[in-house]
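To convert, take the position in the sequence shown, counting from 1, and add 297; that gives the numbering used here. Built from N, CA and C at the ideal position, the CB exists for glycine as well. Quick caveat, the model's predicted, so the values are computed rather than measured. Step one of this worksheet: look at the structure below.
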Amino acid sequence: MTTSPCTSFEILNIQTLPLARCTCPCVSFCVLYSIGGIISISRAQMPLYCSRFMVAPCKRTLGDVVPDHSSRVFRRCWRRLWHPGRLYTGSVTSSPDSEFRNSEMSTQSEKPFHTPVMVKEVLQFLDIKPGQVVLDLTFGAGGHSKAILKSVPGVTVVAADRDPKAFQMAQRLAEEYRGQVKPVLGRFSELNNLLPALGLRPGGVDAALLDAGCSSMQMDSAERGFSLSKDGPLDMRMDGDRYPDMPCAADVVNALDQQALASVLAAYGEERHTRKIAAAIAQARSVYPIGRTLQLASIVAGAFPASALYARRDRLQRPSHVATKTFQALRIFVNDELNELHAGLRVAQTLLRPKGRLCVLTFHSLEDRLTKRFLRGEDLAAPPRRSHRQRAKARLGLEGEEHEEEEENEEEEKGRESKHWVSLKKVIKPSEEEVQENPRARSAKLRTAVRR
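Below you can see the structure in the form of structure tokens.
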């Protein structure tokens with residue numbers, strides 16, 4: 298292994314941050330360098346810069362009990378990940394000389410103003426009356442719950458969330474609205490055991506709200522590891538404080554074999570270039586463990602030509618980083634989000650009274666398709682039905698490109714009524730004005746239904 302610094306660089310301009318792709322023949326894989334400091338390291342620079350990415354192995358041991366999950370991909374990969382002896386326990390700590398990080402991407406706590414998505418539409422379709430009981434299954438930063446409390450007098454809000462930090466915020470809101478807010482800490486799959494203690498019985502809820510996915514509070518916190526634009530430990534666990542032995546994203550990318558990792562990216566990120574990305578990750582981790590968000594983002598970017606790094610566009614026609622779907626897939630896999638979403642929908646179905654209303658906000662096609670099929674009464678264990686348009690897109694390799702570009706087939710909607718639900722309206726999207734004011738709402742979809 299050579300220790301001489303590489304001198305062959307191809308200068309790139311990515312998000313106004315000057316980066317360079319190493320083109321030296323002594324490096325066996327593409328890695329990005331920041332002119333202001335190393336973002337990731339190569340074989341040639343390993344002896345010089347390994348301390349920049351210090352990884353302290355955790356001494357915990359995992360039990361050999363495997364969670365029961367319905368997804369075949371999830372179950373197969375999770376077993377490999379939890380296998381004792383094969384797990385990379387990625388407790389990542391910052392090194393003393395971590396000045397290479399951008400000051401804008403420091404790990405300090407950030408507390409941006411929280412803007413709830415489509416709050417007017419949610420209040421309109423829930424149609425809450427004074428004195429009713431509302432179940433907020435995803436309290437988050439409390440934006441929707443606060444809007445409900447302010448707009449409807451005497452309402453009781455059951456504020457549930459799996460994130461301990463969100464639970465603390467719900468407790469503070471309960472002190473402000475004494476007797477009206479009941480905080481609950483737990484996953485969707487745990488609520489059937491937790492909610493009866495609050496006096497909630499089947500049919501005892503008038504309205505329910507579920508805001509799926511990652512909250513803005515989690516995404517904005519660099520130390521949580523959800524965002525690829527902020528440097529932090531590659532964690533992504535929504536409730537890692539409650540389950541410290543639960544594998545994090547660093548465990549996934551370092552422990553799963555290349556084929557299993559590609560399966561995760563395909564199933565949960567709807568990524569087309571899974572083999573290329575999985576190969577880049579496998580090659581990079583063979584040199585040094587992957588432990589930080591920007592490190593992973595740079596490795597994924599290194600698998601693509603410079604022209605493709607920001608070739609994807611969102612609804613606002615803004616460039617989207619090529620690693621976005623990789624981060625989405627890891628987050629969904631680590632937190633078992635799709636199985637948990639299904640559990641949350643079943644909780645709402647059990648607790649809502651007849652004519653009780655449900656609002657579900659989703660932010661990508663996997664969540665939306667699952668919600669749509671559930672409200673239609675389809676068997677989620679069976680393969681989803683596909684329209685002619687979807688089958689044609691699948692043949693062309695265009696399936697799963699953008700959440701907001703999917704369209705409903707009017708003819709196939711007929712005859713798909715559920716015995717449990719009546720849809721109030723077809724899928725609702727945020728207005729252009731809201732998207733401009735709150736860009737994070739750009740991919741949101743709202744589905745509303747009434748309990749039969």
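*Of all the options Ala679, Arg569, Arg589 and Ser513, which has the alpha carbon lying nearest to the alpha carbon of phenylalanine 601?*
Arg569
*In terms of alpha-carbon separation, which member of Ser518, Gln477, Phe523 and Gly437 lies closest to alanine 620?*
Phe523
*In this structure, does DSSP put alanine 438 in helix, strand or coil?*
coil
*Tell me, to the nearest whole angstrom, how far the beta carbon of arginine 539 is from that of aspartate 532; I am working on the premise that it is less than 8 Å.*
Not really, about 13 Å apart at Cβ, beyond 8 Å.
*Rounded to the nearest angstrom, how far is the Cβ of glycine 483 from that of arginine 459, given a contact under 8 Å?*
6 Å
*Among Asp528, Gly510 and Ala509, which residue has its Cα nearest to the Cα of serine 518?*
Asp528
*If we ignore side chains and look at the alpha-carbon of each, how far apart do aspartate 433 and lysine 716 end up?*
24 Å
*asked:* Tell me the DSSP secondary structure of valine 747 in three-state form.
replied: strand
*In chain order, which continuous runs of the beta strand (DSSP E) of length 3 or greater are located wholly inside the stretch 418 to 503?*
430 to 433, 453 to 458 and 478 to 482
*Give the range of the alpha helix (DSSP H) segment to which isoleucine 629 is assigned.*
621 to 632
*Leaving out five residues before and five after alanine 741 in sequence, what residues of the same chain have Cβ atoms less than 8 Å from its Cβ?*
Val414, Met415, Leu658, Thr659, Phe660, Lys726 and Pro727
*By DSSP, does arginine 650 sit in helix, in strand, or in coil?*
strand
_Inter-residue Cα distance where the pair is proline 651 and alanine 504_ = 10 Å
*Compute the beta-carbon to beta-carbon distance between leucine 562 and alanine 575, rounded to the nearest angstrom, for a pair I have assumed lies under 8 Å.*
7 Å
*Is it right to say glutamate 731 is buried, meaning 16 or more other beta carbons lie within 10 angstroms of its own, or is it exposed?*
buried
_Extent of the continuous beta strand (DSSP E) run through isoleucine 725_ = 718 to 725
_Alpha-carbon to alpha-carbon, leucine 591 and arginine 748_ = 45 Å
*Can the beta-carbon of glutamate 729 be found closer than 9 Å to that of serine 486?*
no
*Round the Cβ separation of aspartate 508 and glycine 437 to the nearest angstrom and send it over; I've been treating them as touching at under 8 Å.*
6 Å
*asked:* One question on the structure: do threonine 745 and leucine 655 come within less than 9 Å of each other, judged by their Cβ atoms?
replied: yes
*So, helix, strand or coil for valine 414, using DSSP?*
coil
*Spatial neighbours of tyrosine 607 within its chain, please: CB distance less than 6 Å, with the 5 preceding and 5 following residues excluded, ordered by chain position.*
Pro616
_Same chain, Cβ closer than 8 Å to glutamine 614, neighbours up to 5 away in sequence not counted_ = none
*Just tell me which of Thr623, Val419 and Leu495 has its CA closest to the CA of proline 480.*
Leu495
*To the nearest angstrom, report how far apart serine 720 and glutamate 664 are at their CA atoms.*
17 Å
*Is it true that the CB of leucine 420 sits closer than 9 Å to the CB of lysine 443?*
no
*Use the C-beta contact count for arginine 534: other C-beta atoms within 10 angstroms, 16 or more gives buried, fewer gives exposed.*
buried
*For the putative contact between leucine 423 and leucine 506, defined by C-beta atoms under 8 Å, what is the C-beta separation to the nearest angstrom?*
7 Å
_Ignoring anything shorter than 4 residues, give me the alpha helix (DSSP H) runs that lie fully in the stretch 556 to 624, in order along the chain._
571 to 582 and 590 to 599
*Local conformation of aspartate 536 per DSSP, three classes*: coil
*Helix, strand or coil: which one does DSSP assign to aspartate 528?*
coil
*aspartate 665 by DSSP, collapsed to three states: which one?*
helix
*Can you check DSSP and say which residues form a bridge with histidine 542?*
Sequence inspection shows aspartate at residue 542; the histidine mentioned does not correspond to that position. Answer is none; aspartate 542 lacks a bridge partner.
*Indicate whether glutamine 625 and tryptophan 718 have their beta-carbon atoms separated by less than 9 Å.*
no
_Own chain, CB closer than 6 Å to valine 455, minus 5 neighbours either side, in chain order_ = Leu432 and Lys479
*DSSP on alanine 509, reduced to helix/strand/coil?*
coil
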